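Report on one structure; see the data block that follows.
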Amino acid sequence: MYKHIIWDWNGTLLNDVDLSLTAINIVLKRYNLPALERTRYLEIFTFPVIDYYFKLGFDFTQTPFSVVGTEFINEYTARMLQVDLHKGAEKFLKIVNDCGLTQSMLSAAKVPMLETLTNHHNLRHYFIRLVGLDNHYASSKLEVGRDWIRELPYKTNEILYIGDTEHDIDVARELGVDIVLLALGHTSYKRLVKSGKRVFMDFSELILWFDSRKISD
Ligand SMILES: [Mg+2]
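Heads up: the sequence shown begins at 10 in this note's numbering, then just goes up one per residue.
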């Protein structure tokens with residue numbers, strides 16, 4: 010039985026795909042680039058996010074990635090309090106908590122943003138630590154993840170990671186922890202399932218699986 014869950018935030022707990030699309034489309038329009046639709050977004054979004062921006066057609070010889078990346082974050086941040094958690098997310102955080110597991114967050118966002126949003130959604134008390142990056146260019150969570158794993162008082166086989174992207178799969182593999190995925194976020198089900206990992210369509214499926222493990226373990 011797991012003793013700790015490491016959560017991804019964007020797309021896994023927070024339902025921010027539409028917000029991300031809104032924000033990137035504002036920036037794309039500013040640079041006269043074609044608008045991005047949801048289906049394509051779920052196929053091309055990736056980490057490091059600079060690769061995704063490149064696929065969108067940005068010319069970094071004209072405008073540095075740091076500039077367009079900041080423009081996206083500004084549009085995102087201006088609207089970030091308008092989005093909700095995924096249906097069932099809070100219920101599951103409580104179930105996990107009531108089962109005696111501890112939880113933390115490992116995000117490519119900056120910690121102050123994570124503090125603001127978890128407080129806004131009244132979730133902060135569920136997490137023993139919010140681990141994030143110190144910049145908003147979303148390169149990799151691996152380094153901070155490694156530090157966090159070393160600090161946690163659990164063996165790697167006692168830790169479950171829950172995420173929504175291929176980067177989460179890569180990070181979990183490098184950290185040596187199990188991962189399950191939610192196809193509610195920034196990557197299509199089709200891409201996630203190629204990993205061979207367990208992929209849930211929503212929190213109700215995840216809750217059923219979690220409950221069944223409790224009985225079998
Ligand atoms: Mg995510």
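For every residue, glycine included, the Cβ atom is placed at its ideal position computed from N, Cα and C. No experiment lies behind these values; they were computed from the predicted model shown.
- If you look at Val208, you'll find it in the beta strand (DSSP E) that goes Arg207 to Phe209.
- Under the DSSP assignment, Arg88 falls in the alpha helix (DSSP H) whose first and last residues are Phe74 to Arg88.
- Beta-bridge annotation (DSSP): Leu201 is not paired with any residue.
- Taking Thr72 as the centre and dropping the five residues before and after it, the same chain places the C-beta of Tyr40 closer than 8 Å to its C-beta, in chain order.
- Val58 is positioned such that its CB atom lies no closer than 9 Å to that of Phe67.
- Each of Trp157, Ala87, Ile82 and Ala117 was checked against the Cα of Leu184, and the nearest Cα belongs to Trp157.
- For His95, same chain residues with a beta-carbon under 7 Å away, outside a window of 5 residues either side, are Leu22, Asn24, Leu193 and Phe212 in chain order.
- Sorted by chain position, residues whose beta-carbon lies closer than 7 Å to a non-hydrogen atom of ligand 1 are Asp17, Trp18, Asn19, Gly20, Thr21, Gly172, Asp173, Thr174, Asp177, Gly194 and His195.
- Taking 9 Å as the cut-off, the beta carbon of Ile14 is found no closer than this to the beta carbon of Leu132.
- Of the residues assessed, Trp16 falls on the buried side of the cut-off, its CB having 16 or more other CB atoms within 10 angstroms.
- Across the structure, Val186 and Ile168 are spaced so that their CA atoms are roughly 6 Å apart.
- Here Leu161 is not near Tyr135, since their CB atoms are 9 Å or more apart.
- Annotated as distal: Leu65 and Ile104, with beta-carbon spacing of 9 Å or more.
- With fewer than 16 other CB atoms across the displayed protein chains lying within 10 angstroms of its CB, Met10 is exposed.
- For Asp179, the uninterrupted alpha helix (DSSP H) segment begins and ends at Glu175 to Leu184.
- The beta carbon of Leu30 sits closer than 7 Å to those of Leu45, Arg47 and Tyr50, all from its chain and outside the five residues before and after it, given in chain order.
- Residue burial is scored here from C-beta neighbours: Gly205 has fewer than 16 other C-beta atoms within 10 angstroms and is therefore classed as exposed.
- Between Val36 and Phe81 a beta carbon distance of about 5 Å is seen, short of the 8 Å cut, so the two are scored as contacting.
- For His129, same chain residues with a beta-carbon under 7 Å away, outside a window of 5 residues either side, are Leu90 in chain order.
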